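A.B. asks: To start, I am sharing the structure in question, which I have written as C-alpha cells.
Protein chains in written order, with the numbering used here: chain A, 1 to 282; chain B, 283 to 611.
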C-alpha cells in the first residue's frame, strides 16, 4: 500500500467513527436529561406535592396543585381553539381547497409554525389582555391555542390525504354526498392519525413557558373560572428555578420531572401507536 | 365566499324554502363554505399577528427610527431605548450554537443515513425526535443547576488558560453568559438539524453512491464528496431552520445568559438577548413607550424568523426536486 492509500483508509476510518460519536453524543443528551431530572426531582416528589398549594415565601414544603390544575385549564382552552380550527381547516385543505387558497393557507400555517413562542405571547397580550385589562387563563389558553392550530392543521391534512381513494369512491358510489363521505368515511378512517396529531400538539404546547409569562401570568393560589391569572406548570418551574431558595429549587426539579414525564409519555405512546398503524398500512 | 353561494342557487325559479332544502340536501356548498371559514381563520390570525405587532410598535418606531437598532442605551425610566445589546446577544448566541450544532448535527445525520443499519437508525431517530419534544424550560432548569456551575469552575477557567490570548475568552468566569447560552441552544437545535438533514441525505439516489464507490472512492470520500455535496442545499436548509429556532428561543436563554445589556467581545461575559428582554420586562413594562419598544423587538424577531424559515423551506424543496428529477430520468 502506498502512503496515499494508507492516508485515505485511515481518514475513512477516523471520519466514519467520528460521525458515530456525534450520533452517540446527541442521543445520550436525552438520557443525561432524564437521569438528572429523575435523580434530583424524584427526591422531592411526595403525595402532598400534588395536592397542596405553594407554601408562603420562605417556608419549606408546599405543592403545585394549583399549577397542575391551571395547566389543565389552559390546555382545555387551547384545545377548544386549536382543534376545531386545525381539524376543520385540514378537512378544507385535503378535500375542498383549490390550488391558490391551499397554497396561501399552507404558507400561513408554516409561517405561524415558525413564529417564536414569545412573539405569540405578545400577540395574545395585545389581543386578549389589553382588551380585558388584566392577565387571565383565557389569554394564556388563547396563546397556546394559536400555537396548536398550524401543528394540527398540517399533520391532520397529511393523515386525511393518506385515506385511500377507493374508500371515498365506495361511499360516493353508494350515493353519499361529498360532505357525508368526509364525515362518515374519511374522517373515521383517519381518526387514529388525527388523535395522534392532537395529542402531539397538546404535548408540545403543554411545555411552553414564554407565551404564558404575560398572558396567564401565574398565581400563588387557586384561580376560579377562566378570568383570573392562573398558575401553570412550566411557569412555576421557571419562577422556582430562578428564585434564591434551595427548597424551591428542589420543587422546580420535581415539577420539571412531572412535566417532562407527561410530555415524554404522551410522545412515546402516540408515536408507538402511530408507528404500528403505518406499519400495518404498508 | 359570495361566489360559492351563487353557484349553489338553482337555475330555475323555485321558492326560497325549496332552495334552502336543496342546498341542505346535498349540502356540499355549505360544507365547503364552513370548512373554508375555519381554514381562512389561520390566514386572518397570521395577518392580525403582523398587524398587531406593527401597530403596537408604532410609538417606538416613530420616536427612534433606525437609531433603535444601533444605539445601546436601554433606560425605561428616561424613555431611552436602543436595542443593540439585545440584537448583539441574539446574534452571538446563535452563532455560538451553530458553531457547535452544525458539525455535530451533520455528523450524526451522516451516521444515521449512511452507516447505521436501518433498525438502529430508526431507533436513534426516534430518540432524537423525543429530544426535540423536551420543553425549553427543562433545558433551562438543567442548565442553571448543572451546566452553569461546571462552566464556572472547570470549562471557563480551562478556556482562559489555553485560549486566553484570544479576545473571545477574556474576563472573569461567571458561568452564565454568551458561551453557556450558546451551548444550551446547540443542544436544543441539534435535533432539528439531524432530522431534516437525515431526510435530505436519505433522498440522495442510490446510484450516486454506487457510482462513486465503483470508481474506487472510500466510504468517507463517497459520503463527503458525493452524497453530502449532492444534499448540500437541503442541509443548508436544515441549518437555516435551526437558526430560526435559536433566534427565537426564549426560556433556556433567559435562564443562563446573565441578563445584562452589555456588548462584549468576550464569550464568557454575561449578556442579553431579544427574546430574554421581552420575557423579563414585558409584564412589568414602565409605560407605553417601553411596551412599544419591546413590541418592536418582537417584530424584529418575527421578521428574522419568517425570512429564515422561508429560505429554509425553499432550499429543502429544491433538493427534494433535484432528487426526484434525477430518479425520473
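Note that the Cβ used here is the ideal one computed from N, Cα and C, for glycine as well. It should be emphasised that the depicted structure is a prediction, and the values quoted were computed from it without experimental measurement.
1. Against chain B, with Cβ distances strictly below 9 Å, would residue 20(A) count as a contact?
2. When you compare each of 535(B), 412(B), 560(B) and 441(B) to residue 264(A) by their alpha carbons, which one comes out closest?
3. Which residue comes first and which comes last in the alpha helix (DSSP H) that contains residue 385(B)?
4. Residue 471(B) and residue 585(B): beta carbons closer than 9 Å?
5. So the alpha helix (DSSP H) residue 436(B) belongs to, where does it begin and stop?
6. For residue 594(B) and residue 104(A), what's the separation of their Cα atoms in angstroms?
7. For the segment 2-27 of chain A, list every residue whose C-beta sits within 7 Å of some C-beta in chain B, in sequence order.
8. Quick one: Cα of residue 364(B) to Cα of residue 374(B), how far?
9. Chain B beta carbons: is any one of them nearer than 9 Å to that of residue 89(A)?
10. Could you please give the first and the last residue of the uninterrupted alpha helix (DSSP H) stretch that includes residue 487(B)?
11. Check the Cβ of residue 310(B) against every Cβ in chain A and list those closer than 7 Å, keeping chain order.
12. Determine, for residue 287(B), whether the minimum Cβ-Cβ distance to residues of chain A falls below 9 Å.
13. Here's the rule: buried if 16 or more other CB atoms are within 10 angstroms of the residue's CB, otherwise exposed. What is residue 298(B)?
14. Using a threshold of 9 Å, state whether the C-beta atoms of residue 12(A) and residue 501(B) are closer than that.
15. Assuming residue 191(A) is part of the alpha helix (DSSP H), what are its boundary residues?
16. Please return the same chain residues whose Cβ sits closer than 8 Å to the Cβ of residue 286(B), not counting the five positions on each side in sequence.
17. Quick check on the DSSP output: the alpha helix (DSSP H) that includes residue 147(A) runs from which residue to which?
18. Please report the distance separating the alpha-carbon of residue 212(A) from that of residue 206(A).
19. Can you tell me whether residue 80(A) is buried or exposed, with buried defined as 16 or more other CB within 10 angstroms of its CB?
20. Just to confirm, are residue 428(B) and residue 36(A) a CB contact at a threshold of 9 Å?
21. List the endpoints of the continuous alpha helix (DSSP H) containing residue 12(A).
22. Could you give the C-beta distance for residue 41(A) and residue 231(A), rounded to a whole number, given that I count them as a contact under 8 Å?
23. State whether the segment 139-153 of chain A contacts the segment 78-93 of chain A, with contact taken as three or more CB pairs (one from each stretch) at a distance under 8 Å.
24. Could one say the Cβ of residue 342(B) lies closer than 9 Å to chain A's Cβ atoms, at least one of them?
25. Cβ of residue 451(B) within 9 Å of Cβ of residue 550(B)?
26. Could you please give me the residues that DSSP links to residue 356(B) through a beta bridge?
27. Can you name the residues of chain B whose CB is closer than 8 Å to the CB of residue 117(A)?
28. On the CB-based measure, 16 or more other CB atoms within 10 Å of its CB, does residue 344(B) come out buried or exposed?
29. Using the Cα positions of residue 120(A) and residue 187(A), report the straight-line distance between them to the nearest angstrom.
30. Specify whether the segment 156-164 of chain A and the segment 175-192 of chain A touch according to this definition: at least 3 beta carbon pairs, one from each stretch, less than 8 Å apart.
31. With a CB to CB cut of under 7 Å and the five nearest residues on each side skipped, what residues in its chain are close to residue 217(A)?
32. Please confirm if the segment 5-24 of chain A is in contact with the segment 491-510 of chain B, defined as three or more CB-CB distances below 8 Å between the two stretches.
33. Reducing DSSP to helix, strand and coil, say where residue 62(A) ends up.
34. In the structure shown, what three-state DSSP assignment does residue 211(A) receive?
C.D. replies: In short:
1. Along the first chain, read from residue 1 onward, the residue named residue 20(A) stands at position 20. Residue 20(A) counts as touching chain B.
2. As a working mapping, residue 264(A) is identified with position 264 in the first chain. Of the candidates 535(B), 412(B), 560(B) and 441(B), the one whose C-alpha sits nearest the C-alpha of residue 264(A) is 412(B).
3. As a first step, residue 385(B) is located in the second chain; it is residue number 103 there, counting from the start. It spans 366-392 - the alpha helix (DSSP H) in which residue 385(B) sits, taken as one unbroken run.
4. Start at 1 with the first residue of the second chain, and residue 471(B) comes out as number 189. Start at 1 with the first residue of the second chain, and residue 585(B) comes out as number 303. Not in contact: residue 471(B) and residue 585(B) (Cβ atoms no closer than 9 Å).
5. Walking along the second chain from the start, residue 436(B) turns up at place 154. Unbroken run through residue 436(B): none, as it is neither H nor E.
6. Translated into the one-based positions of the second chain, residue 594(B) becomes position 312. Translated into the one-based positions of the first chain, residue 104(A) becomes position 104. Taking the straight line joining both Cα atoms gives about 18 Å.
7. 8, 9, 11, 12, 15, 16, 18, 19, 20, 22, 23, 25, 26 and 27
8. Start at 1 with the first residue of the second chain, and residue 364(B) comes out as number 82. Start at 1 with the first residue of the second chain, and residue 374(B) comes out as number 92. Cα-Cα distance, rounded: 18 Å.
9. Here residue 89(A) is taken as the residue at index 89 of the first chain, counted from 1. So yes, residue 89(A) belongs to the interface.
10. Within the second chain, numbered from 1, the residue matching residue 487(B) stands at position 205. Residue 487(B) -> no alpha helix (DSSP H), and no H or E assigned at all.
11. Locating residue 310(B) in the second chain gives position 28, counting from the first residue. Within 7 Å Cβ-Cβ: 177, 178 and 179.
12. Your numbering for residue 287(B) matches position 5 in the second chain. At residue 287(B) the pLDDT is 45, less than 50, meaning the model places this residue with poor confidence; the figure from the coordinates comes in the next sentence. By this cut-off, residue 287(B) is not an interface position.
13. Residue 298(B) sits at position 16 when you count from the first residue of the second chain. So residue 298(B) counts as exposed.
14. As a first step, residue 12(A) is located in the first chain; it is residue number 12 there, counting from the start. As a first step, residue 501(B) is located in the second chain; it is residue number 219 there, counting from the start. Yes, the pair counts as a contact, with Cβ atoms nearer than the cut-off.
15. Your numbering for residue 191(A) matches position 191 in the first chain. 191-206 is the span of the alpha helix (DSSP H), which, as asked, contains residue 191(A).
16. On the second chain, residue 286(B) is found 4 positions in, with the first residue counted as 1. Its pLDDT being 45, under 50, residue 286(B) is placed unreliably by the model, and the measurement read from it follows with that caveat. Around residue 286(B): 311, 314, 315 and 318.
17. Residue mapping note: residue 147(A) aligns to position 147 of the first chain, counting from 1. It spans 137-161 - the alpha helix (DSSP H) in which residue 147(A) sits, taken as one unbroken run.
18. As a first step, residue 212(A) must be located in the first chain, where it is residue number 212. As a first step, residue 206(A) must be located in the first chain, where it is residue number 206. Roughly 11 Å separates the two Cα atoms.
19. Counting from 1 along the first chain, the entry for residue 80(A) is found at position 80. Counting Cβ neighbours within 10 Å, residue 80(A) comes out exposed, since fewer than 16 surround it.
20. Position 146 of the second chain, counted from the start, is the residue given in the question as residue 428(B). Position 36 of the first chain, counted from the start, is the residue given in the question as residue 36(A). Going by C-beta atoms, residue 428(B) is nearer than 9 Å to residue 36(A).
21. Counting from one through the first chain, the residue named residue 12(A) turns up at place 12. Run containing residue 12(A): 3-42, per the alpha helix (DSSP H) assignment.
22. Residue numbering aside, residue 41(A) sits at position 41 when the first chain is read from its first letter. Residue numbering aside, residue 231(A) sits at position 231 when the first chain is read from its first letter. About 18 Å separates the two Cβ atoms, so there is no contact after all.
23. yes
24. Position 60 of the second chain, counted from the start, is the residue given in the question as residue 342(B). Output row for residue 342(B): interface = no.
25. To locate residue 451(B), count along the second chain from 1; it is residue 169. To locate residue 550(B), count along the second chain from 1; it is residue 268. Their beta carbons are under 9 Å apart, which means residue 451(B) touches residue 550(B) by this criterion.
26. One-based indexing of the second chain puts residue 356(B) at position 74. According to DSSP, residue 356(B) bridges with 363(B).
27. Walking along the first chain from the start, residue 117(A) turns up at place 117. Here the neighbours are 530 and 532.
28. The sequence position of residue 344(B) within the second chain is 62, counting from 1. Residue 344(B) is exposed by the Cβ-count criterion.
29. For the purposes of this step, residue 120(A) is taken as residue 120 along the first chain, with counting starting at 1. For the purposes of this step, residue 187(A) is taken as residue 187 along the first chain, with counting starting at 1. Using only the alpha carbons, I get a separation of about 30 Å.
30. yes
31. Counting from 1 along the first chain, the entry for residue 217(A) is found at position 217. So the qualifying residues of the chain are 135 and 229.
32. yes
33. Translated into the one-based positions of the first chain, residue 62(A) becomes position 62. Residue 62(A): strand per DSSP, three-state reduction.
34. In the first chain, residue 211(A) corresponds to position 211, counting from 1. Looking at residue 211(A) - three-state DSSP - the assignment turns out to be helix.
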